[in-house]
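Following this note's numbering, the numbering of the sequence shown begins with 1149 at its first residue and continues without gaps.
Ideal Cβ positions, reconstructed from N, Cα and C, are used throughout, including at glycine.
A quick write-up on the structure given underneath.
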Amino acid sequence: MKTKKVLALLMSSALLVGSITACNTTESTESETSQETEQTTTATSETAEPDDLPGYKERSVTDVSDENDSKIVIYSYNAEFIALAEKYAGITTDDYDFVEINDKDEYQQKLDAVLADGTNAPDIFICDAAYAQKYLASDNTLAINDIGIDYAEMTNMFNYTLQFASDEETVIKGLAWKACPTGVFYEKSLADQYLGTSDPNELAGSFATWDKVLESAKTVSDKSEGSVKLISGYTETYNAYMAGRQSGWEKDGTINFDPAVDEYFNFAKKLYDDGLTFYNEQWSDGWRGSMSNRTVVSYWGSLQFAKYDLALNPGEGAPVNPTAGDWGITTGPECYFSGGCWVMVSKYCDKKATAAEIIRAVCLNEDNLKDMVNHGEFVNNIKLMTAAASDDKFALEWLGGQNPYPVLLDCALKADASNYVVDEYSYTQACRGIVGAYCEGAYETVEDAKKAMEEQFTVQEEPEEQEAVEE
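Pasting the structure below:
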């Protein structure tokens, strides 16, 4: 029996700490823009590197059509995509069947089951960043070209969203309608008091490098006699620090520790040992509680994070952070993205033309994307976000009159997903857990901590599929 080596994860549940933040929004969409769903489009065969998107392999595009007149089947972990599809593609419940499973583990279990044999499989399905690559890298998803979408249609998309969605052969297999670049959101009154300025351009110097972050953290803690901290906990900085890696978690079938990983162990330990944070784990109650009690200068994340988690503009009916309007955004030491969601087409899709037109309407149509921008979305379109970055109408009241898009646009253009691996989420969980244990003294040295993390992963033999033998 032939076998292949795979890198498998052996983890204690105690170390399953941290996550890749989903980039969800509940903003209402008020205008009613729609377009007719066409019944034919184009598909693909051979691959070649295109002029339109250098660095990606494009399959030649030919005509495709729907194989039947049945409803298109769409799976998602929330109702956001289907609402956009109704609004912009003009589909109704007469046109689709929708399966929504909110729990991410149950959702993946359902997808894995239906994709295994095709029974009740979706035509289109949506995944968030925490587990999307599991499907983008598999044979269960079609290349975007295979449903008739040409790379020439994607040239305004932020490159990191395409890197993330491409397989090992650099063929693009999913599209995102929004981007989730990040910045450092800071409380202005605290920045003024402890760092000497609340101007975003001046304050950027306090976050320009990791050494500057440490220096600023000490300044805030010392001046406030420990009552105020620059960040709530060292885990606030994990995603940003990992964005500085020059290599991924895997190399030649073994776990790979980029030098930035070693540096993060030391950085987190310094914050911990010197008491420069409140020791709050990201997403914990303590971390959330510090968002509104004027004890933490900065929180790091995307625009969606600021609106819904910081609760600076959470939408009608949701409680608003009482400090809203006293916040700004500046740049951090690294550009990174936090979360996101990708639209994919399953290999069982028999409605390729309809799938393509729905995806075009939500992810590619410039008029529709512009409407999303006007409703507060950071869309996956460089042209539109460049225009928004210089438009005074996006000076947001809940950010004290600041337009966040210049900071976020710069980050989106620089963000890089080229070092991500299929099992990125598992490595993130493992690393965050081990770093926490190291900070608390469970390991004497960084090398001891890394060895402990390495022992959670092993190279296992996995049998390859065999062809059935007729008797």
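- In the structure shown, the three-state DSSP call for S1224 is strand.
- Contact between the segment 1414 to 1429 and the segment 1291 to 1311 is absent: fewer than 3 CB-CB pairs across the two stretches fall below 8 Å.
- For V1221 and L1561, the gap between their C-alpha atoms comes out near 34 Å.
- Judged by their CB atoms, W1546 and G1465 are not nearer to each other than the 8 Å cut-off.
- Residue burial annotation: T1478 is buried, with at least 16 other C-beta atoms found within 10 angstroms of its C-beta.
- The secondary-structure analysis by DSSP pairs L1460 with nothing; it has no beta-bridge partner.
- Between the segment 1529 to 1547 and the segment 1264 to 1271, the count of C-beta pairs closer than 8 Å stays below three; the two stretches do not touch.
- DSSP assignment within the segment 1233 to 1266 yields the following whole alpha helix (DSSP H) runs of 4 residues or more, N-terminal first: 1252 to 1265.
- Pairing P1470 with T1240, the inter-Cα distance amounts to about 39 Å.
- Distances from the CA of K1205 to each of S1218, L1232 and I1292 were compared; the closest alpha carbon is that of I1292.
- If you draw a 10 Å sphere on the C-beta of G1589, you find fewer than 16 other C-beta atoms in it, and that means exposed.
- Judged by pairs of C-beta atoms under 8 Å, the segment 1584 to 1604 does not touch the segment 1333 to 1349, as fewer than three such pairs exist.
- Setting aside the 5 residues that flank it on each side, Y1553 is surrounded in the same chain by M1533, A1536, A1537 and F1542, each with a C-beta closer than 7 Å to its C-beta; the list follows chain order.
- Taking 4 residues as the shortest admissible run, the segment 1354 to 1436 contains the following complete alpha helix (DSSP H) segments, listed from N- to C-terminal end: 1358 to 1371, 1386 to 1390 and 1407 to 1421.
- For E1335, no alpha helix (DSSP H) segment is defined; the enclosing uninterrupted segment is the beta strand (DSSP E) at T1330 to E1335.
- Taking a 10 Å sphere around the C-beta of K1531, we find fewer than 16 other C-beta atoms and assign the residue as exposed.
- The shortest CA-to-CA distance from G1396 to any of G1238, V1468 and V1409 is the one to V1409.
- Going by DSSP, F1312 is part of the alpha helix (DSSP H) stretching over N1307 to F1312.
- In this structure, W1448 sits away from E1505, with a CB-CB distance that is not shorter than 8 Å.
- Note that the segment 1563 to 1574 does not touch the segment 1356 to 1365; fewer than 3 beta-carbon pairs, one per stretch, sit closer than 8 Å.
- By the Cβ test, the segment 1279 to 1289 is not in contact with the segment 1515 to 1527, since fewer than three Cβ pairs between them sit closer than 8 Å.
- Annotated as distal: Y1382 and V1445, with beta-carbon spacing of 8 Å or more.
- For R1580, the uninterrupted alpha helix (DSSP H) run begins and ends at E1572 to C1587, by DSSP.
- For G1476, same chain residues with a beta-carbon under 7 Å away, outside a window of 5 residues either side, are Y1334, K1336, S1346, P1348, L1547, G1548 and Q1550 in chain order.
- In this structure S1486 does not touch S1438 by the C-beta definition: roughly 19 Å separates them, more than the 8 Å allowed.
- A residue is called buried when at least 16 other Cβ atoms come within 10 angstroms of its Cβ; S1375 does not meet this threshold and is exposed.
- Taking the CA atoms as reference points, N1528 sits about 10 Å from G1488.
- Secondary structure at W1325: coil, using DSSP grouped into helix, strand and coil.
- F1526 sits in coil when the DSSP states are folded into three classes, being neither helix nor strand.
- For E1206, the secondary structure class from DSSP, reduced to helix, strand or coil, is strand.
- Per DSSP, the unbroken beta strand (DSSP E) holding D1276 starts and ends at I1272 to D1276.
- Taking every protein chain shown into account, the CB of G1480 has 16 or more other CB atoms within 10 angstroms, so this residue is buried.
- Taking the C-beta atoms as reference points, C1511 is found no nearer than 8 Å to P1329.
- In this structure, the beta-carbon distance from D1498 to N1216 falls below 8 Å.
- Across the set I1274, M1390 and L1290, the C-alpha of I1274 shows the shortest separation from the C-alpha of L1232.
- Residue burial is scored here from C-beta neighbours: A1264 has fewer than 16 other C-beta atoms within 10 angstroms and is therefore classed as exposed.
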